[in-house]
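In what follows, a structure is listed as C-alpha cells, so that the remarks can point back to it.
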Amino acid sequence: MRQLNLFALVLLAGGLFITGCSKDDLNVKKSEVELSLTNPTGLKDVTVSNIVLAFKEVNSGKIDSIKAASLSTVNVNLPEGSYELSLDGDIRYSDDGGTYDAKVRGYQQSVVVKGNSVAVSLNLFLYNPTAQFVLKEIFFTGTVTPQGKTYNGDKYFIIYNNSEDTLYADGLIIAEAGFLTTTKRVYTPDIMDKTFTAGSMVMVPGTGKQYPVLPGKQLVVANNAINHKEFNPNSLDLRTADFELTLLPTINVDNPEVKDLINLSSAMTMHNRGFKSYVLARLGEGITVDQFKADYYYEPTYVNSAGNVSATKNVYKIPNAWIMDAVNLSVAPMFEWILTAPSLDMGWSYCGKVDSDETRYSKVVKRKVLSTNPDGRVVLKDTNNSTNDFEPEAKPSLMP
Amino acid sequence: MGPRLYNNVDRYEVRFNETADYATVYPYVMADTVGGDLKEEVYAFSGGLAKPFGRFHLGLNAGFNGKQTYRDRDPRIKSISSDITLSLSAVRELDKYVLGLNLDGRKYNQENGLEFVSELGSPLVYHDAGLGVYNDLLAGTRTDARFGGFGYGVALQLAPRQYKGWTAHVGFRGLNINKELGTIRDYVGEIREQAVEGGIAYLYQQGRQHFIARADVSRVKRQGAEAKFNNQDAQVGIIKISEDIRYSNAYTKFNLRAVYGQTGGFADWFIGIRGNYGDHLEQYADPDRVQSYTYINAGLDLTGRKQLGKVQLAVHLGLSRQQNPDAASDWDNINTASAQYGMLERNFAFLTVSGTGYNGSVRADFPINQNIAGFIQAGAGYDNGPAKRDYQAMLGLRF
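Sequence order for the protein chains is A and B.
Per my numbering: the first sequence = residues 1 to 400.
Per my numbering: the second sequence = residues 1001 to 1399.
Put into C-alpha cells, the structure is as follows:
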C-alpha cells in the first residue's frame, strides 16, 4: 500500500504540468517623455509649424515619428532606450527688420530614456539651403584589382556649382575631419556647434577669378590624375581631372598637365571605409593662409578609456560661417556621431553596410538630383542632411 | 572510470550562427549571413562511484564534455566550450521497487571568437536576440563573446527491482547562462530556462519475450533577458541603461512508445511503435514577433539482430509520418528584403512542413581483444517534408 502511494505521488507530480503553451505577456518598460523645444536664440515672435519629429532608438533601430501642425512641448510614451532625436519644421519669426519665414531643425544624440518620466529639451536652429558650391560626388573607397588587391590612387571629389551664378573656385578649400564618425569623444574645448575640426585641408590655387565654374558645371579633383586603367583594369581614367591632390610621397604620382591643389596641412588620404566627414569652405574675409594656420590651430584634448588626458594634434578649426557645404560619412554598425554642427549637416551617407564591407569598392556617395531647369541646368538636392541628400553606394559617374 | 568519447563532426552550410552549442545558448548567438561548413571535435569522459549503506545506495558521478568548433576560411569561427556535470544519487530499496533521487549540477562556459583575414573586408557580425532581431548598437565588429552559467536539477524515479512492473519518473531542471561581449562590462543577454518532465512505463520480460511501453511528457520554458545600451563616448564606452525579458520559447512534448521483441531464436527481433505530439510557441517583444506550431508524429520501426561468429550484426529500419495541425507566424517591423526575413521564412517552413521519413542503419559489433570491443555503424535517412537527408558513419571502441 505504501509503495502504491509513492507511485501515485510520482504520477501526480508528473501530471501537474501537462498543459499546452499559452502566450507569454512580454512587455518592455516604457517611459513618459516630455520634450520641450527651445527656439533659436535672438528671435522674436517665433511660431514653429509643420513639425516632423523622429525618435530613433539606437539599440533596436526603431523610429517613432510624430507630425504636428504646431507645438512647443511633446508628450510621448516610449520604450526605455537610447534615442536620437531629429526635428524638421517651418519657422516664422520677426526682428527689427520685419517678419521672416524659414526652415528650422533640431538634432540630439544619446538621449537616455529611462524611468517613469523623462524631461528632454531640444534646441532648434535655423538652416538655410542657399545654393552655392556643393560636393556632388565623393569617391573614397578606391577599387580592387583583378588579383583582389585594394587600389587607392583613383579616388576623387566632384565639386558642383549648384547656383544660377558663375562661381569662382579660387581659394576653395576641401577639408577632411580631424575626428572619426566612428569614435565619439568628449573633446575640450567642445566647439563643434561653432566650428568644424579639420585634419587634412587642400585649397584651390588662384588669384580670385582664375577658375570660373559656370552654373550647373563641375570640377573634378583627383587623387592622382592619371590613367589608372593602365595599372588596374577595374579602375578609371582621371587624366581629364581639373585638379589633383599631392598625396604622401610613397603613393603620389604627379601629372604635370593637371594643376595641383595646395596642401594647407598634412597630405589628404581619404579614409577608404568612409569614417570621416568633408566640408567645402573658404577662408574668412581678409584671412590669409598663414594667419589661418597661426590663429586657428588648436589641440583638443579628451580623456581616453584608461582615464588619461590625450591631445589630438595637427587639427584646425574652421568656423561654421566659412563653410558652404558639409558631408558626414560613416558605416551603420560603426556610426557614433556626426562631426559637424547639425546646422551644416544633420545626417550622413555611406559606402558599405558594415565595417570593412568588401562590396564597398568602386562605389561613391552621389548627391541626388532635385530638379532640372528649363535651360537644362540640373539642381542638386541640398537640404543639409546627407542622409536624404545623397545616394549611398552609387556607381561612380566617371567610371564607364 | 566511465565512458570516454572523442567525436569528430562536420556540419555543412551552417548559416546565421557562429556559436557552438546552439541548443544551450540560443537565442544569443553570434551570427553573420555568410557562414559555411564547420568542424567540431568533442572530448568527453565521466566517472563515478557508488556505495551501499544498508537499504540505501549512494552514488556520485562527474562528467566533462569539451568541444572545439572551428572553420579554416572566413568567417573563421573558433569556439571552445566546456560542460562539467556533477550528479549525486540516492536509491532506497523497497519490497518490490527501488526509489531513486538525483541531484544534478552543471557548469557551462564558452569562449566564442570570429576572425577574418580577407584584405577586402568582412560581413556584418551581429548578435542574435531571437526571431531575427539583433541590437544595432552591438552589430558590426564585436567578434568576441563569452558565455557562462550553471544548471541544476532534481529527479525522482520509481522502478521495479525485477524487469517486470511499472516505473515512473518526474524531474525538474533549470539553466541560467549569461552572455558577455568584448569589453562591455554588463551582460548583453541572460538565458533563464526551466523544465519539468515526467513519465510512466511498464516493463515485461518473460523467457524470450520482451515488452516495454512508456509515456513521457515534458514542458520547457526559456526566457531571454536582453540589455539596452547607451554609447555615451569613447571614454565611458557602452553602458547598460535598461533590461527587459523580450524573448520566450515554450514547448510541451508528449511521447508514447511501445516495443515488443523476441530474443534467442534464429535471430533477435524487435518491433516498435511511437507517437509524439508537440506544441511550440516562440515570441519576441518590441518588435512583436511570434511563431507557433503543433505537430503529431507517428512512427514504426523494426530491428533485427544476429550473431555471426564473433560478429554481431544489427539492422534497423524506421518509417515515420508527421503532420502539423496548427502553424502561425507574424514578423513585426522587418525588412522583407533582409537576409533575416529569408532565414525566418525558411526556418518556419522547415519547422511546420508535413512529411514522411524513412531511415535505416546497419551496425556490426566485434571483439578486438579480451578487453576492447569495436563497432562500425552506417546509416541514412530521408524526410520528404523538408527534403532532409541524413548520413551517418561511425567507428567506435568500447573498453
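All C-beta atoms, glycine included, are put in the ideal place defined by N, C-alpha and C.
From a predicted model like this one, the values you see are computed outputs, not experimental measurements.
Query raised in the report: What runs of the beta strand (DSSP E), each 3 residues or longer, lie entirely inside the region 310–371 of chain A?
Result: For the region 310–371 of chain A, whole beta strand (DSSP E) runs of length 3 or above, ordered along the chain, are 315–319, 323–328, 364–367.
Report task. Grab me the residues of residue 1300 of chain B's own chain with a C-beta within less than 6 Å of its C-beta, minus the 5 sequence neighbours each way, in chain order. Result -> Looking up residue 1300 of chain B in the second sequence gives position 300. Excluding residues within five positions, the ones whose Cβ falls inside 6 Å are 1273, 1319.
Requested in this report: With residue 1323 of chain B as the anchor, note down where its beta strand (DSSP E) starts and where it stops.
Outcome: In the second sequence, counting from the first residue as 1, residue 1323 of chain B sits at position 323. Per DSSP, residue 1323 of chain B is one residue of the beta strand (DSSP E) stretching across 1311–1323.
**Report entry** Of the residues B/1233, B/1242, B/1115, B/1189, the one placed nearest residue 1073 of chain B, counting alpha carbons only
**Finding:** The sequence position of residue 1073 of chain B within the second sequence is 73, counting from 1. Of the residues B/1233, B/1242, B/1115, B/1189, the one whose Cα lies closest to the Cα of residue 1073 of chain B is B/1115.
Requested in this report: Determine, using beta-carbon pairs with one atom in the region 1127–1144 of chain B and one in the region 1033–1047 of chain B, whether at least three such pairs fall under 8 Å.
Outcome: Too few Cβ pairs lie closer than 8 Å, so no.
Report task. Could you check which residue in B/1082, B/1055, B/1022 has the C-alpha nearest to that of residue 1096 of chain B? Result -> One-based indexing of the second sequence puts residue 1096 of chain B at position 96. Nearest option by C-alpha distance: B/1055.
Query raised in the report: Do the region 294–312 of chain A and the region 182–191 of chain A make contact, defined as three or more Cβ pairs closer than 8 Å?
Result: Counting Cβ pairs under 8 Å, three or more are found: they touch.
**Report entry** Within 7 Å, strictly: CB atoms of residue 1321 of chain B and residue 1298 of chain B
**Finding:** What you label residue 1321 of chain B is simply residue 321 of the second sequence in a count that begins at 1. What you label residue 1298 of chain B is simply residue 298 of the second sequence in a count that begins at 1. In this structure, residue 1321 of chain B sits near residue 1298 of chain B, with a CB-CB distance shorter than 7 Å.
Query raised in the report: For residue 293 of chain A, does the three-state DSSP call read helix, strand or coil?
Result: Along the first sequence, one-based indexing puts residue 293 of chain A at 293. Collapsing the DSSP output to three states places residue 293 of chain A in a helix.
Query raised in the report: Would a check of beta-carbon distances place residue 194 of chain A closer than 7 Å to chain B?
Result: For this step, residue 194 of chain A is matched to residue 194 along the first sequence. No, no contact with chain B.
**Report entry** Residue-level contact to chain A via CB, residue 1253 of chain B, 7 Å cutoff
**Finding:** Counted from its first residue, the second sequence places residue 1253 of chain B at position 253. For residue 1253 of chain B, no Cβ of chain A is located within less than 7 Å of the residue's own Cβ.
Query - Where residue 201 of chain A falls: helix, strand or coil (DSSP) - result: As a working mapping, residue 201 of chain A is identified with position 201 in the first sequence. Reduced to three states, the DSSP call for residue 201 of chain A is strand.
Requested in this report: Kindly identify the DSSP beta-bridge partner or partners of residue 1064 of chain B.
Outcome: The residue you call residue 1064 of chain B lines up with position 64 of the second sequence. BP columns for residue 1064 of chain B point to B/1045, B/1084.
Query raised in the report: Just curious, the alpha helix (DSSP H) that residue 1341 of chain B is in, first and last residue?
Result: Position 341 of the second sequence, counted from the first residue, corresponds to residue 1341 of chain B. 1339–1352 is the span of the alpha helix (DSSP H), which, as asked, contains residue 1341 of chain B.
**Report entry** Beta carbon proximity, residue 164 of chain A to chain B, threshold 7 Å
**Finding:** Mapped onto the first sequence, residue 164 of chain A falls at position 164. Not flagged as an interface residue toward chain B: residue 164 of chain A, since no C-beta distance is shorter than 7 Å.
Query raised in the report: Do you know whose CA, among B/1120, B/1053, B/1082, B/1363, lies nearest residue 352 of chain A's CA?
Result: For this step, residue 352 of chain A is matched to residue 352 along the first sequence. Per the C-alpha coordinates, the member of B/1120, B/1053, B/1082, B/1363 positioned closest to residue 352 of chain A is B/1120.
Query raised in the report: At a cut of 8 Å, does the region 85–95 of chain A reach the region 277–289 of chain A through at least three beta carbon pairs?
Result: Verdict: no, contact absent.
Report task. State the DSSP-derived secondary structure class of residue 80 of chain A, mapped to helix, strand or coil. Result -> The residue you call residue 80 of chain A lines up with position 80 of the first sequence. In the structure shown, residue 80 of chain A sits in coil (DSSP, three-state: anything other than H, G, I, E or B).
Requested in this report: Taking residue 102 of chain A as the reference, give the member of A/396, A/383, A/258 with the closest Cα.
Outcome: Within the first sequence, the letter at position 102 stands for residue 102 of chain A. Out of A/396, A/383, A/258, A/383 has the C-alpha closest to the C-alpha of residue 102 of chain A.
Query raised in the report: Does the beta carbon of residue 366 of chain A sit closer than 7 Å to a beta carbon anywhere in chain B?
Result: Within the first sequence, residue 366 of chain A is the residue found at index 366, counting from 1. At a cut-off of 7 Å between beta-carbon atoms, residue 366 of chain A makes no contact with chain B.
Query raised in the report: Is it right to say residue 1003 of chain B is buried, meaning 16 or more other beta carbons lie within 10 angstroms of its own, or is it exposed?
Result: Numbered from its first residue, the second sequence carries residue 1003 of chain B at position 3. Around the beta-carbon of residue 1003 of chain B, fewer than 16 other beta-carbon atoms lie within 10 Å, marking it exposed.
**Report entry** 7 Å Cβ cutoff, residue 1087 of chain B in contact with chain A
**Finding:** Counting from one through the second sequence, the residue named residue 1087 of chain B turns up at place 87. Interface criterion not met: the Cβ of residue 1087 of chain B is under 7 Å from no Cβ in chain A.
Query raised in the report: To the nearest whole angstrom, what separates the beta carbons of residue 272 of chain A and residue 152 of chain A, a pair I think is in contact under 8 Å?
Result: Within the first sequence, residue 272 of chain A is the residue found at index 272, counting from 1. Within the first sequence, residue 152 of chain A is the residue found at index 152, counting from 1. Going by Cβ atoms, the distance from residue 272 of chain A to residue 152 of chain A rounds to 7 Å, so yes, they are a contact pair.
Query raised in the report: What residues are listed by DSSP as bridge partners for residue 1106 of chain B?
Result: The count along the second sequence starts at 1 and reaches residue 1106 of chain B at position 106. Paired residue(s): B/1085, B/1151.
Query - residue 1023 of chain B versus residue 1177 of chain B: straight-line alpha-carbon distance, rounded - result: Position 23 of the second sequence, counting from 1, holds the residue named residue 1023 of chain B. Position 177 of the second sequence, counting from 1, holds the residue named residue 1177 of chain B. Each residue's Cα considered, the two are about 12 Å apart.
Query - Residues that residue 201 of chain A contacts on chain B, provided the C-beta gap is smaller than 8 Å - result: As a working mapping, residue 201 of chain A is identified with position 201 in the first sequence. In chain order: nothing, as chain B lies at least about 24 Å away.
**Report entry** Same chain, Cβ closer than 6 Å to residue 79 of chain A, neighbours up to 5 away in sequence not counted
**Finding:** Looking up residue 79 of chain A in the first sequence gives position 79. For residue 79 of chain A, where only same-chain residues beyond five positions count, the Cβ hits under 6 Å are 28, 30.
**Report entry** Simplified DSSP assignment, three categories, for residue 1023 of chain B
**Finding:** Stepping through the second sequence from its first residue, residue 1023 of chain B is reached at position 23. In this structure, DSSP gives residue 1023 of chain B a helical state, which the three-state scheme calls helix.
Requested in this report: Going by DSSP, name the residue or residues bridged to residue 212 of chain A.
Outcome: As a first step, residue 212 of chain A is located in the first sequence; it is residue number 212 there, counting from the start. For residue 212 of chain A, which the question treats as bridged, DSSP gives the partners A/168.
Query raised in the report: Where DSSP assigns a beta bridge to residue 281 of chain A, which residues make up the other side?
Result: Your numbering for residue 281 of chain A matches position 281 in the first sequence. In DSSP, residue 281 of chain A forms a bridge with A/173, A/323.
**Report entry** Among A/74, A/294, A/367, nearest to residue 315 of chain A - alpha-carbon criterion
**Finding:** Position 315 of the first sequence, counted from the first residue, corresponds to residue 315 of chain A. The shortest Cα separation from residue 315 of chain A among A/74, A/294, A/367 belongs to A/294.
Requested in this report: Within 10 angstroms of the Cβ of residue 1037 of chain B, are there 16 or more other Cβ atoms? Answer buried if so, exposed if not.
Outcome: Here residue 1037 of chain B corresponds to residue number 37 of the second sequence, with the count starting at 1. Taking a 10 Å sphere around the C-beta of residue 1037 of chain B, we find fewer than 16 other C-beta atoms and assign the residue as exposed.
Query raised in the report: Can you give, in chain order, each stretch of the beta strand (DSSP E) that sits fully within the region 80–124 of chain A and has at least 3 residues?
Result: Taking 3 residues as the minimum length, the beta strand (DSSP E) runs contained wholly in the region 80–124 of chain A are 81–95, 98–113, in order along the chain.
Query - Own chain, CB closer than 6 Å to residue 1 of chain A, minus 5 neighbours either side, in chain order - result: For this step, residue 1 of chain A is matched to residue 1 along the first sequence. For residue 1 of chain A, the pLDDT reaches just 45, beneath the cut-off of 50, and the residue's location in the model is therefore unreliable, although a value from the coordinates is still provided. So no residue of the chain qualifies.
Report task. Mind reading off the beta-carbon distance from residue 176 of chain A to residue 142 of chain A? Whole number of angstroms is fine, and I expect it under 8 Å. Result -> As a position in the first sequence, residue 176 of chain A is number 176, starting the count at 1. As a position in the first sequence, residue 142 of chain A is number 142, starting the count at 1. Incorrect: roughly 15 Å between the Cβ atoms, too far for contact.
**Report entry** Among A/38, A/269, A/145, A/171, the one whose alpha carbon lies nearest that of residue 232 of chain A
**Finding:** Taking the first residue of the first sequence as position 1, residue 232 of chain A is located at position 232. Of the candidates A/38, A/269, A/145, A/171, A/145 places its Cα closest to the Cα of residue 232 of chain A.
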